[in-house]
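Residue 266 is where the sequence shown starts when you use the numbering used here, and the numbers rise one by one after that. Structure, as structure tokens:
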Amino acid sequence: MSRGDMAKPLLGHRSMEGDPSITPAASRTIGVLGSGDFARSLAVRLVCSGFKVVVGSRNPKRKAGLFPSAAEVTFQAEAVKKTDVIFVAVFREHYSTLCDLADVLVGKILVDVSNNTEINHHKESNAEYLASLFPACTVVKGFNVVSAWALQSGARDGNKQVLICSNNQEAKRTVAEIAQVMGFTPVDMGCMSSAREIENIPLRLLPAWKIPIFLALGLFLCFFTYNLIRQVIHPYIREHKNKLYKIPIEVVNTTLPCVAYVMLSLVYLPGVLAACSQLYYGTKYRRFPDWLDQWLQHRKQIGLLSFFCAALHAMYSLCLPMRRSHRYQLIETAVKQAVEKKMNIWVEEEVWRMEIYISVGIIALGLLSLLAITSLPSIANSLNWREFSFIQSTLGFIALVISTLHTLTYGWSRAFDENQYKFYLPPTYTLTLLVPCTVILAKVIFSLPCIQQRLLRIRRGWEKGRYVKFVLPSATGEYSSGETSSNV
């Protein structure tokens, strides 16, 4: 980051003047205890936001060159005396080194930004431990969910939320004002007992992705095993042919589109189930079952995993002609045709089937790419609700329909060929059609005017069995006895 950029505050004067509760940045001095990566990034962002920054270090001469020139780097005791709000950017293990500053820290606001290395590693949170060491101070937990990168590059390139908790409302308000001036969005998480949960948030690895990932892996294992039986085990048992070479590419490539197709249908299936629930109970105010509620919340992750599998399928398909086994099979086919003296092997139906199959598949992958891109927060925030809903709902359903056409053109008439049934098992693509076709059929039924209008009324607040009577006023200015009324 250039010094020219560092001199520019994230928020202009107009935004600060619009909120009279925010203290002007230039009139507040902020202290930072620590000289690590996070402390340096924090000092940079505070300086960019117009604050006066004083940094406390045990070796100020050595560390001064690491901080912006606008920040004052001095000894910890001197830094503490110059400010009332201090960011404690040191590890929990080093909190005890600050005990010598207990006298000068009396009455100060300490902002604990630390995290643990493991979830629930200690019985008490770091903020509670810091508060126990300095009972004469007011401790606020905050800024621990913001990365050093987000601080350096500004709130535009990272998570804008800053989770804050403390037992002192005034201290929370002060830290929230600082976060606002820095360009972040403060979120009040309550009292200090919430600090433990806030400290666990950065340690959780993809918490919203666990169920979708396990679902994708489960589907992959099921379809992979099914395809392995049909493509490898069946030829070995019935024809004594070794087809193990198909496992790395061909079997995987047959499995990936099955997973992608079913996962895409699972994105829209919970919406169908939710609509059925609303139609059955005649209200939108009845809570969905927990499993359906969780399913609805994971639709984005399921959709992105569907796109991931579809993209892998496209790359695997492009690599099929590169395989040595494919070249051997081409040569073998050419030799057989020469021996049998076949001059024309053109099959018009197969040519058209493959042309349509590939073309429809490319369109489906393009629509999935659009869905994946618009699900990114940076892109979704640039769309209004109608645009986002049109892409994710309407175009998403069109992508499901086109994917179904892609699957049907792949299968063509092979579903009726008895030679395609290995160990009496139907072709894999016929199994994948079950859920998507159910979703498409339900969507078509919901589009019928009689059902669509009822569902629309329910989503606008109408409830079955509950009537609101609207009585029109009489000509004399008084309300009538109810002769003219309307039931909703």
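Glycine residues also receive a C-beta, built at the ideal position from the N, C-alpha and C atoms.
Indicate whether residue i and residue j have their beta-carbon atoms separated by less than 9 Å.
{"i": "Cys523", "j": "Thr693", "result": "yes"}
{"i": "Ala342", "j": "Val297", "result": "no"}
{"i": "Thr674", "j": "Ile621", "result": "yes"}
{"i": "Val404", "j": "Glu389", "result": "no"}
{"i": "Ala579", "j": "Ser668", "result": "no"}
{"i": "Ile374", "j": "Ala436", "result": "yes"}
{"i": "Ser542", "j": "Val704", "result": "no"}
{"i": "Trp414", "j": "Ser582", "result": "no"}
{"i": "Ala335", "j": "Val318", "result": "yes"}
{"i": "Phe572", "j": "Ala637", "result": "yes"}
{"i": "Gly321", "j": "Gly299", "result": "yes"}
{"i": "Leu759", "j": "Ala575", "result": "No statement about residue 759 is possible, as the shown extent of the chain runs from 266 to 753 and does not include it."}
{"i": "Leu468", "j": "Thr548", "result": "no"}
{"i": "Val309", "j": "Leu482", "result": "no"}
{"i": "Lys328", "j": "Val338", "result": "yes"}
{"i": "Ile295", "j": "Thr348", "result": "yes"}
{"i": "Ile478", "j": "Leu577", "result": "no"}
{"i": "Lys565", "j": "Ser640", "result": "yes"}
{"i": "Gly568", "j": "Val537", "result": "no"}
{"i": "Arg495", "j": "Lys687", "result": "yes"}
{"i": "Lys406", "j": "Met454", "result": "yes"}
{"i": "Leu665", "j": "Pro701", "result": "yes"}
Please classify residue i as buried or exposed, where buried requires at least 16 neighbouring CB atoms within 10 angstroms.
{"i": "Arg357", "result": "buried"}
{"i": "Tyr689", "result": "exposed"}
{"i": "Phe316", "result": "buried"}
{"i": "Arg246", "result": "This structure gives no information on residue 246, because the portion of the chain shown stretches from 266 to 753."}
{"i": "Met528", "result": "buried"}
{"i": "Ala291", "result": "In this predicted model, Ala291 has a pLDDT of only 49, less than 50, meaning its place in the structure is not dependable; the value taken from the coordinates is given anyway. Burial call: exposed."}
{"i": "Tyr491", "result": "buried"}
{"i": "Phe735", "result": "Caution is warranted here: a pLDDT of 49 is assigned to Phe735, below 50, making its placement in the model unreliable, and the coordinate value is therefore given only provisionally. By the neighbour-count rule (16 or more Cβ atoms within 10 Å), Phe735 is not buried but exposed."}
{"i": "Ala740", "result": "With a pLDDT of 49 at Ala740, under the threshold of 50, the modelled position of that residue is not reliable, and the figure given next carries that caveat. It counts as exposed."}
{"i": "Tyr545", "result": "exposed"}
{"i": "Cys584", "result": "exposed"}
{"i": "Val616", "result": "exposed"}
{"i": "Asp377", "result": "buried"}
{"i": "Ile521", "result": "Here residue 521 turns out to be Leu, not Ile, going by the sequence shown. The residue in question, Leu521, is buried, as its Cβ has 16 or more Cβ neighbours within 10 Å."}
{"i": "Thr672", "result": "buried"}
{"i": "Ser286", "result": "Residue confidence is low: Ser286 scores 43 on pLDDT, short of 50, so the model does not pin down where it sits. No coordinate-derived value is stated."}
{"i": "Arg589", "result": "exposed"}
{"i": "Lys511", "result": "buried"}
{"i": "Met661", "result": "For the sequence presented, residue 661 should be read as Gly rather than Met. Result: buried."}
{"i": "His563", "result": "buried"}
{"i": "Cys715", "result": "exposed"}
{"i": "Ala810", "result": "Nothing can be reported for residue 810, as the shown portion of the chain is limited to 266 through 753."}
{"i": "Lys606", "result": "exposed"}
{"i": "Ile710", "result": "exposed"}
{"i": "Ile656", "result": "buried"}
{"i": "Thr450", "result": "exposed"}
{"i": "Thr519", "result": "buried"}
{"i": "Lys601", "result": "exposed"}
{"i": "Gly676", "result": "buried"}
{"i": "Pro642", "result": "exposed"}
{"i": "Thr697", "result": "buried"}
{"i": "Pro554", "result": "exposed"}
{"i": "Phe681", "result": "exposed"}
{"i": "Leu486", "result": "exposed"}
DSSP puts residue i in a beta bridge; with which residues?
{"i": "Pro451", "result": "Val427"}
{"i": "Leu298", "result": "Gly321, Val353"}
{"i": "Leu331", "result": "According to DSSP, which records beta bridges pairwise, Leu331 is partnered with nothing at all."}
{"i": "Glu337", "result": "Val319"}
{"i": "Lys687", "result": "Leu690"}
{"i": "Leu375", "result": "Ile351, Val404"}
(message) In chain order, what are the residue ranges of uninterrupted alpha helix (DSSP H) at least 4 long that sit wholly in the stretch 615 to 665?
(response) 642 to 645, 650 to 654
(message) If contact is defined by three or more beta carbon pairs under 8 Å, each pair taking one atom from either stretch, is the stretch 497 to 505 in contact with the stretch 461 to 473?
(response) With fewer than three CB-CB distances shorter than 8 Å, the stretch 461 to 473 does not count as touching the stretch 497 to 505.
(request) Scan the stretch 457 to 533 and note each continuous alpha helix (DSSP H) run of 4 residues or more that stays entirely inside, going in chain order. (result) Fully enclosed alpha helix (DSSP H) runs of no fewer than 4 residues occupy 460 to 465, 475 to 493, 499 to 503 of the stretch 457 to 533, in order along the chain.
(request) May I ask you to verify whether the stretch 591 to 598 touches the stretch 549 to 564, counting CB pairs closer than 8 Å and requiring at least 3? (result) no
(request) Would you list, in sequence order, the uninterrupted beta strand (DSSP E) runs of no fewer than 3 residues that lie entirely inside the stretch 377 to 417? (result) 403 to 406
(message) With a threshold of 8 Å, are at least 3 pairs of Cβ atoms found where one atom belongs to the stretch 437 to 448 and the other to the stretch 361 to 368?
(response) no
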